[in-house]
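> Encoded as structure tokens, here's the structure I'll be asking about.
Okay, structure coming up:
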């Protein structure tokens, strides 16, 4: 079964990157003590829950390993309830926990194996409300922490939108969604200086704050795929086996385009409903040629793989599942004033349109079998339905949001499983072809 992380079916190519990470610790580091001392400077109780949890997130107290640099803490963490409660209550920290456990094959736990620190530790305030000395000292402390920790790889996932007073800490910031260090005159490895005589060399991986993927743009699945890719890159750099591939650049460019400055953040229930209806239209258009093109029935695995990958079916299914998940949250939070008429009607239309293609033009491929399983299941998520045309009214229908969400997620998992199998066959065929060509090559005797 395909892997699920961050509530999406993980791209089969990203799943291939998941490997264990050696957790052996280095020499003792004082960076945890430094972050605790900073809390005391800001008037925090040295034995209080906020300092304790901040220290736990900054652990382990050893040199080397992975350091993740975020932005600043939220102003409502349940510190009194301990580290686990803080992670569970914060979607960003929960996402990091889920992602690093997944990409490391369960060998990394952010509670014990990864250092997580903020550019502005203990300071949830708006930056404009902080005085210059407080900001300067925050960045100095951050620089001391990194120099003391000497991480083998630093994931830069936070950014503050001003340039003053940062000093060396500017090297710890993200450079934007989908961008990479090592390009555009931003080196992957930098030397971080503390004072005139102390410096450390740090390898950087560019990331972006997980809140952007799980809060602000929570219905855009490729941003979550990129979070997984970035974490896999971080672990790969730590192991020393990271290799960039062309498809990774395509994913980064896709996410970079989505995250442009003119893009607006979607908001309430009706926005998610509009998004969901648009996704169903795209998904139907992607599915139809895959189940009606009879040339795919006996086509080589490589051809079927390329067609299925290019269709973006997994992305549309993941997006539909996320949109439904957000709609369910809106309903749970009391957003009942807006009906789900559109979502009900389009779900009904989607199921009926797919069924028409299955009944009249199906090509009997393996992909079709998954579609045949999905269509009646998604239709069953509508209670008290009637036959509706696309865009028609669904006043007498009730859409089970949670069930529909799981249906699209299961379909995405099946598609990724199929893609993984097809890719293995494609690669095997390519090796066989290469071996065949090499067997026909004769090496003539070289004259003396």
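Residue numbers (the numbering used here): 115 to 562.
From the three backbone atoms N, C-alpha and C, an ideal C-beta is built for every residue, glycine too.
1) Distance check for residue 457 and residue 513, CA to CA, integer angstroms please.
2) Can you tell me whether DSSP reads residue 294 as helix, strand or coil?
3) Kindly confirm or deny that the segment 415-430 and the segment 390-404 touch, where touching means at least three C-beta pairs closer than 8 Å.
4) Under 8 Å: do the segment 330-345 and the segment 300-309 share three or more Cβ pairs, one atom per stretch?
5) Within 10 Å of its beta-carbon, does residue 361 have 16 or more other beta-carbons around it, so buried, or fewer, so exposed?
6) Use the C-beta contact count for residue 226: other C-beta atoms within 10 angstroms, 16 or more gives buried, fewer gives exposed.
7) Hey, residue 172 and residue 231 are a contact pair by Cβ (cut 8 Å); roughly how many whole angstroms apart?
8) Would you mind giving the Cβ-Cβ distance between residue 128 and residue 342, rounded to the nearest angstrom? I have them listed as a contact below 8 Å.
9) Where does residue 320 sit, in a helix, a strand or coil, going by DSSP?
10) Quick one, which of 289, 282, 124 has its alpha-carbon nearest residue 370's?
11) Name the DSSP bridge partner or partners of residue 232?
12) Measure from the alpha carbon of residue 142 to the alpha carbon of each residue in 116, 179, 123, 487, then state which is nearest.
13) For a minimum of 3 consecutive residues, which ranges assigned as the beta strand (DSSP E) are wholly contained in the segment 197-271?
14) Since residue 79 sits in a beta bridge, which residues does DSSP pair it with?
15) So what does DSSP say about residue 392, is it helix, strand or coil?
16) Is residue 265 near residue 229, with beta carbons less than 9 Å apart?
17) Let me make sure I understand the geometry here. Which of 542, 484, 543, 253 has the alpha-carbon closest to that of residue 527?
18) So, residue 242 versus residue 419, is the Cβ gap smaller than 9 Å?
19) Going by DSSP, name the residue or residues bridged to residue 119.
20) Ends of the beta strand (DSSP E) at residue 305?
21) Quick one: is residue 501 buried, meaning 16 or more other Cβ sit within 10 Å of its Cβ, or exposed?
22) Closest to residue 252 by CA distance: which of 261, 295, 152 is it?
Concretely, from the data shown:
1) 8 Å
2) coil
3) yes
4) no
5) exposed
6) exposed
7) 5 Å
8) 5 Å
9) strand
10) 289
11) 184
12) 179
13) The segment 197-271 contains these whole beta strand (DSSP E) runs: 228-232, 267-270.
14) There is simply no residue 79 to check, as the chain begins at 115 and stops at 562 in what is shown.
15) helix
16) yes
17) 484
18) Not in contact: residue 242 and residue 419 (Cβ atoms no closer than 9 Å).
19) 122
20) 303-308
21) In this predicted model, residue 501 has a pLDDT of only 47, less than 50, meaning its place in the structure is not dependable enough to derive any value.
22) It is 152.
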